[in-house]
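With my numbering, letter number 328 in the sequence shown gets 321, and the count goes up by one each step, no holes. Note that CB positions come from ideal geometry on N, CA and C, so glycine has one too.
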Amino acid sequence: MKELRGAIARQSERTILLSTVLLVSAFSAAMGYLLTQCFAVDVISSHLAIPQDCDLDWSTPVGRHCFSDYGAVVSTGSRSNPWEPYLYLPWANQPSGNQYPAAAMLPHMLFGLPAKWLGAPLLGLIGYLLALTIAVLSPAVWAARGARGLERVVVFVALGAAAVPAWAVIDRGNSVGFVVPIALVFLVALRRRRWGLVAIMVVLAALVKPQFAVLVIALFAVRQWRLGGLAFVGVVASNIAAYLLWPRNFPETIAQTLHNISTSSGPGITDIRNVSFGRALLLMPDMVKAVQTGGKIPDGFLAGPRSLLGYGVLAIFVVSVLALGRRIPPVLVGVVLLASAVLCVPHANHYYLAFALAVAALAVRDPGGQPGAGIFDQLSTESDPRRLVGICVTLAAALSIAQTALPGPVLQVPIFGQMGAKGVIGNTTIVQTTLFVTPFLWLIACAAIIVSYARRPAPSDGNDPGRLAEAPTNTTVSPPRVRPS
């Protein structure tokens, strides 16, 4: 056993990530087959969601599946004021309000509106899903290009075909998938210290999902005050300007959006697929309450702490990276902020873990390094070992990408009426997966980064490709002085 542990400990973080993803995926396939054959568990729905999601007639059904996050937004965005309550969903007794800001609806409308004008809504869905698939697979393609030989196939399978968050994004048709290539470029730009490109990616990410505006802190952490200020102004201006595309009742529509967000946390805030920091920190009280109530957690249980805990964690991480500044490598600041932006909200759906694909891509391929090397091969040198940081980030990314169903108590998930029908029309059997551990892993990974570099700052390494990229090219190098003997 000592030899085995020693052999594992000597492996690079890159090898550990790829091995973990492939091993967990293989185990997941075997466990899924066992649960399906012996216990009639719907394993695919356990990992993703039930396919019956045509709550209303959105004119985009593919069999019993409607990719509802796309259909609902296109239907709502086609109205003159999308933020007026009008959606009567099967599980609600009152009209629901649209929680999407104007900018966040643009990816859906770019495909849905032309297709609606052409009278072919299904064509818009196909184009949207194709673009979404390309987006979520982009980290796998980019990372595979940095590998050699057959290892390219291994990298693509691990970060693409076997990535549960990528399939979850496509299954729901959620636009968070478009953040994945933006997050990848954001991290690569931080690694290479291309601050202007970082600022552009912050604005683009906040357009797709406004919560990613917190990424602007990365520029402040590296003391790029002017670019950080410009990026912040760009985020605010672009998000407000998007409301002009729906001019009716502007600017009251901004207040309506904020009201809809603040008054509705969604039906799944206590759901097993909620991967927020708040859900993770309240997991034990939730489990106790579930035992007391026969498995059902009341929607209002610990609602106050649940809505604030994640933002408290975000505030701690933001203050920490600002205080530490250049003690932390910029790319790791980006990792902390990406994870915090995703998991700080009270209800973080499971497909938001797609951000881990960008982190994993850099763990597999260092944009400034040699083929077959990841960023931790450069960041963790013999003179400055950061083994714990690399392992924590690697395992968090790997277990976000590869998940497995767990044998245990089964859950009966109701299937609500379709195409506007009310009530419950059936149920499906699912089980818990390893999804619930991911917010804990990212919490530990972010804390490990901050604590490690608070204790000992990153060395100023002239071999760092990022520092070489930002170094002036017209520097005159003086010959070394020879001390007389």
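- prompt: Apart from the five residues on each side of it in sequence, which residues of its chain come closer than 8 Å, Cβ to Cβ, to residue 197?
  reply: 175
- prompt: residue 461 by DSSP, collapsed to three states: which one?
  reply: In this prediction, residue 461 has a pLDDT of 44, which is less than 50 and means its spatial position is unreliable; what the coordinates show is noted afterwards. Here residue 461 sits in helix by DSSP.
query: When DSSP labels each residue in this structure, what does residue 71 get in the three-state scheme?
result: Residue 71: coil per DSSP, three-state reduction.
query: Apart from the five residues just before and just after residue 253, which ones in its own chain have a Cβ nearer than 7 Å to its Cβ?
result: 76, 90, 91, 92
- prompt: Is DSSP giving residue 183 helix, strand or coil here?
  reply: helix
- prompt: Just checking my contact of residue 5 with residue 370 at CB under 8 Å: how many whole Å lie between their CB atoms?
  reply: 6 Å
field: Simplified DSSP state of residue 101, which is helix, strand or coil
entry: If DSSP states are grouped into helix, strand and coil, residue 101 belongs with the helices.
message: For a minimum of 3 consecutive residues, which ranges assigned as the beta strand (DSSP E) are wholly contained in the segment 351 to 436?
response: 398 to 409, 417 to 426
query: For residue 320, which residues from the same chain have a beta carbon less than 8 Å from its beta carbon, with the 5 sequence-adjacent residues on both sides left out?
result: 446, 447, 450, 451
query: Under 8 Å between the Cβ atoms of residue 334 and residue 385?
result: Result no, Cβ atoms of residue 334 and residue 385 do not sit closer than 8 Å.
query: Distance, Cα to Cα, residue 224 vs residue 193?
result: 7 Å
query: Is residue 266 near residue 343, with beta carbons less than 8 Å apart?
result: yes
query: What residue does the alpha helix (DSSP H) around residue 77 start on, and which one ends it?
result: No alpha helix (DSSP H) contains residue 77, which DSSP labels as neither H nor E.
- request: Would you kindly work out how many angstroms separate the C-alpha atoms of residue 154 and residue 245, rounded to a whole number?
  value: 44 Å
query: Cβ atoms of residue 78 and residue 58: under 8 Å apart, would you say?
result: No, the pair does not count as a contact, with Cβ atoms beyond the cut-off.
field: Reduced DSSP secondary structure (H/G/I, E/B, other) of residue 269
entry: coil
field: Rounded C-alpha distance that separates residue 227 from residue 235
entry: Annotation: residue 227 to residue 235 spans about 12 Å, alpha carbon to alpha carbon.
- prompt: In or out: residue 110 buried (at least 16 other Cβ within 10 Å) or exposed?
  reply: exposed
- request: Give the secondary structure of residue 40 by DSSP, where H, G and I count as helix, E and B as strand, and everything else as coil.
  value: helix
field: Alpha-carbon to alpha-carbon, residue 358 and residue 140
entry: 8 Å
message: Whole angstroms are fine: how far does the CA of residue 310 sit from the CA of residue 129?
response: 27 Å
- request: Taking only the alpha-carbon atoms, compute the straight-line gap between residue 431 and residue 280 and give it to the nearest angstrom.
  value: 17 Å
query: Considering only residues of the same chain and omitting the five flanking positions on each side of residue 33, which have a CB-CB separation below 7 Å?
result: 422
query: Whose C-alpha, out of 323, 420, 365, is nearest the C-alpha of residue 142?
result: 365
- request: Determine, using beta carbons only, whether residue 487 and residue 108 come nearer to each other than 8 Å.
  value: This structure cannot speak to residue 487, because the chain is shown only from -6 to 478.
- request: Tell me, please, which residues DSSP counts as bridged to residue 55.
  value: In the DSSP output, where bridge partners are listed per residue, residue 55 has 58.
query: Excluding five sequence neighbours on each side, which residues of the same chain lie with their C-beta closer than 6 Å to the C-beta of residue 465?
result: In this predicted model, residue 465 has a pLDDT of only 43, less than 50, meaning its place in the structure is not dependable enough to derive any value.
message: Using 8 Å as the threshold, is the C-beta distance between residue 199 and residue 232 below it?
response: yes
task: Compare the beta carbon distance of residue 242 and residue 74 with 8 Å and say whether it is the shorter of the two.
output: The answer is yes: Cβ separation under 8 Å.
Straight-line gap, residue 251 to residue 95 (C-alpha atoms, nearest Å): 11 Å
message: Quick check on residue 242: does DSSP put it in helix, strand or coil?
response: coil
message: Assuming residue 346 and residue 424 are in contact, meaning their beta carbons sit under 8 Å apart, how far apart are those beta carbons, in whole angstroms?
response: Actually they do not touch by this definition, with Cβ atoms about 19 Å apart.
- prompt: Which first and last residues belong to the alpha helix (DSSP H) in which residue 337 is found?
  reply: Residue 337 -> no alpha helix (DSSP H), and no H or E assigned at all.
query: Span of the alpha helix (DSSP H) holding residue 235?
result: 218 to 235
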